[in-house]
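Below is one structure; the comments refer to it alone.
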Amino acid sequence: MAQNKRLLVRIVDDDPAARDSLAFMLEEEGFDCAAYPSAEDFLKGDSPSVPGCAILDVRMGEMSGLMLQQEMIRRGITLPIVFLSAHGDIDMAVDTMRSGAVAFLRKGSDRTRLLDAIWSAIERAEGAEPEDAAREVARWQTLTDREREVAERIAAGLLNREIAAELGISPKTVQVYRGEVSRKLDVRGAAGVTRAVRRIEKILAGK
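Here it is in structure tokens:
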């Protein structure tokens, strides 16, 4: 998948506070999000052709997250799924994973753990074709050594001031490098840079 194709994270949760909080957090990380208050609204309003993943609350109104997963399978909707539940249930987690879910997490899980699950879902969704992989490597090779250092640190979750301290440059200079990295890789925000770096690491590791 080419890097300039936007990926969409769907959030399906009937708790408005939880839904809005998660959307806000992911948008802060640079993800594009679509939030739905019910499984039915998701099925009516979402465009499955838009690549990305889905974060589903396990327990919702008439159609639960588990029922939605089965309906998605029935309809041939292949979006990778991350489940969130307020109540840990081993049997339920096993069932969802057997049906293809990427992860089953408790609500309130560590931010890093949640983001790792979402990245795993996105990586499953991407499945780059050989020509796309070659294009991504070519873009990466346009970066200077310093731009690669900045990109790798963005992917590691460092803030501008932390990158500046590690590299011995000013935060303003880091911001300039961030702009060049995003432009050359044809991505937007920290999430786009992180996805690009992860893809490059996976591609180069396979060589």
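In terms of my numbering, the sequence shown opens at residue 685 and continues consecutively. For every residue, glycine included, the Cβ atom is placed at its ideal position computed from N, Cα and C.
Residues bridged to Y720 by DSSP? V696
Tell me which residue opens and which closes the beta strand (DSSP E) that R832 is part of. Taken as a continuous stretch (DSSP letters only), R832 belongs to no beta strand (DSSP E), being part of the alpha helix (DSSP H) at D829 to A839.
Who are F726's beta bridge partners in DSSP? Partner(s): none; F726 has no beta bridge.
In the structure shown, what three-state DSSP assignment does G760 receive? coil
Helix, strand or coil for D779, going by three-state DSSP, please let me know. helix
Would you kindly work out how many angstroms separate the C-alpha atoms of G760 and A849, rounded to a whole number? 48 Å
Leaving out five residues before and five after A707 in sequence, what residues of the same chain have Cβ atoms less than 7 Å from its Cβ? I695, C717 and A719
Given a cut-off of 9 Å, decide if C737 and A840 are closer than it, judged by their beta-carbon atoms. no
Taking Cβ positions only, does A805 come closer than 9 Å to chain B? Among the protein chains of the structure shown there is no chain B, as only one such chain exists.
Coarse secondary structure for F715, derived from DSSP in three states: coil
Around the C-beta of V860, are 16 or more other C-beta atoms found within 10 angstroms, so that it is buried, or is it exposed? exposed
Using a 10 Å radius around the Cβ and a threshold of 16 neighbouring Cβ atoms, would you call I757 buried or exposed? exposed
So the candidates are S748, I806, E807 and L740; which of them puts its Cα closest to the Cα of K791? L740
Bridge partners - I739, DSSP secondary structure assignment: I695 and V766
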